[in-house]
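Below is one structure, written out as structure tokens, with a few remarks after it.
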Amino acid sequence: MIRIPKENREEIVQSLQDYFYNELSEEIGNLAAENLLDFILKEIGPYCYNQGVNDAKVMVEQKILSLEEDILSLEIPTRKNRN
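Below is the structure:
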């Protein structure tokens, strides 16, 4: 399961409680909000994590392609390549 620092976890728990109160007119306690967060992290967390990994992979591939273009631009033309 994805680990979240305590400060961030407390913030998310408060957000869940606010959501339930504002959108559903329900009050949930800390324990219920923490259990909901654990469930979300367990069930949805891997999808979000994998998407982040894929986004990072795409970004690295783009950087490598850009680097390759920069390196190739340093080539000095030879007689064979001038024509």
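Heads up, the sequence shown is in the numbering used here, so the first residue is -9 and it goes up one at a time.
Note that CB positions come from ideal geometry on N, CA and C, so glycine has one too.
Owing to the predicted nature of the structure, the values given are computational and were not obtained by experimental measurement.
Any alpha helix (DSSP H) of 4 or more consecutive residues that is wholly inside the stretch 12 to 59: 20 to 33
Sub-8 angstroms separation of ILE2 and LEU21 beta-carbons: Taking the sequence shown and counting its residues from 1, the one referred to as residue 2 is at position 12. Taking the sequence shown and counting its residues from 1, the one referred to as residue 21 is at position 31. No, they are not a contact pair.
Can you tell me the Cα-Cα spacing of LEU14 and LEU6, whole angstroms? The residue labelled residue 14 in the question sits at position 24 within the sequence shown. The residue labelled residue 6 in the question sits at position 16 within the sequence shown. If you take the alpha carbons of LEU14 and LEU6, they lie about 11 angstroms apart.
Between ILE30 and VAL50, what straight-line distance do the alpha-carbon atoms span, to the nearest angstrom? For the purposes of this step, residue 30 is taken as the residue at position 40 of the sequence shown. For the purposes of this step, residue 50 is taken as the residue at position 60 of the sequence shown. Between the alpha carbons of ILE30 and VAL50 lies a gap of roughly 29 angstroms.
Which residues in the same chain as GLY42 place their Cβ atom closer than 6 angstroms to its Cβ, once the five residues preceding and following it in sequence are excluded? Position 52 of the sequence shown holds residue 42. Correct list: empty, nothing qualifies.
Mapping DSSP to helix, strand and coil, what is ARG(-7)? On the sequence shown, position 3 is the one that residue -7 refers to. Reduced to three states, the DSSP call for ARG(-7) is coil.
Which residue's Cα is closest to the Cα of LYS(-4): ASP8, PHE10, GLU16, GLU24? Here the question's residue -4 lines up with position 6 in the sequence shown. Measuring from the Cα of LYS(-4), the nearest candidate turns out to be GLU24.
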